[in-house]
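Notes for the one structure printed next.
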Amino acid sequence: MKNIFFLCILLITLYSCSSTSAINQSHQEVTSQEINDTLNYSLTYQVIMEEPGFNSWLKKQQPKSYYELSFLEKKNAFFATSYNNRVDKENYNKDLYPWEINYDPNLTYGLEVNYSLYQYFLYFQEKYKQTL
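Taken in order, the sequence shown gives residues -21 to -1, 1 to 111; the numbers are from mature numbering (1 follows the signal peptide of the UniProt record, and there is no 0).
What follows is the structure, given as structure tokens:
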């Protein structure tokens, strides 16, 4: 019954980051030309789930297109906060709550990541009989 949810902590993994602007490697000095450059950051996030049974459970759920992104973001912020509040509490199973989930509601993760995380929170609650 050991939860492999800790991989979800790595779930908001920065997959790639690129910039079309020349940025000083030390980030200490910025020339006037660099100030006028347009920065174009391309961030991609992905969710990696290695929880036995999750993928077959997920196939039976509503598709991504069923959900609004704003709904998923609000639910994930709530669930992540609730989950993180249990990490350091002694009365919760450390196998279920080993580490905090680094979900920042101020970042835009996109529909795919938010959908996957939301579905995992639902799966986690159902499988382990938890209420977040």
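Heads up, the beta-carbon is just placed ideally off N, CA and C, and yes, glycines get one too. Quick caveat: nothing in here was measured; it's all calculated off a predicted structure.
Ignore the nearest five residues each way along the sequence and tell me which others in residue i's own chain have a CB closer than 8 Å to its CB.
{"i": "G89", "result": "Y24, L48"}
{"i": "K43", "result": "L90, E91, Y94"}
{"i": "Q40", "result": "Q98, L101"}
Since residue i is in the alpha helix (DSSP H), which residue starts that stretch and which ends it?
{"i": "K106", "result": "90 to 107"}
{"i": "V66", "result": "48 to 66"}
{"i": "S35", "result": "33 to 37"}
Would you say residue i and residue j are within 8 Å of each other, going by their C-beta atoms?
{"i": "Y99", "j": "F57", "result": "no"}
{"i": "R65", "j": "Y82", "result": "no"}
{"i": "L111", "j": "Y62", "result": "yes"}
Where residue i and residue j are concerned, what is the direct C-alpha to C-alpha distance, given to the nearest angstrom?
{"i": "Y45", "j": "Y94", "result": "10 Å"}
{"i": "V26", "j": "W78", "result": "16 Å"}
{"i": "L86", "j": "E69", "result": "30 Å"}
{"i": "E29", "j": "K38", "result": "15 Å"}
{"i": "W36", "j": "Q104", "result": "13 Å"}
{"i": "T22", "j": "D67", "result": "The amino acid at residue 22 is misidentified as Thr; the sequence shows Leu. Their Cα atoms are separated by approximately 31 Å."}
{"i": "Q109", "j": "P31", "result": "17 Å"}
Once the 5 residues before and after residue i are set aside, which same chain residues still bring their CB inside 7 Å of it?
{"i": "Y97", "result": "L51, K54, N55"}
What does a CB cutoff of less than 6 Å around residue i pick up in its chain, not counting 5 residues either side in sequence?
{"i": "P107", "result": "What sits at residue 107 in the sequence shown is Tyr, not Pro. Closer than 6 Å at the Cβ level, and outside the excluded window around Y107, lie L75."}
{"i": "Y71", "result": "R65"}
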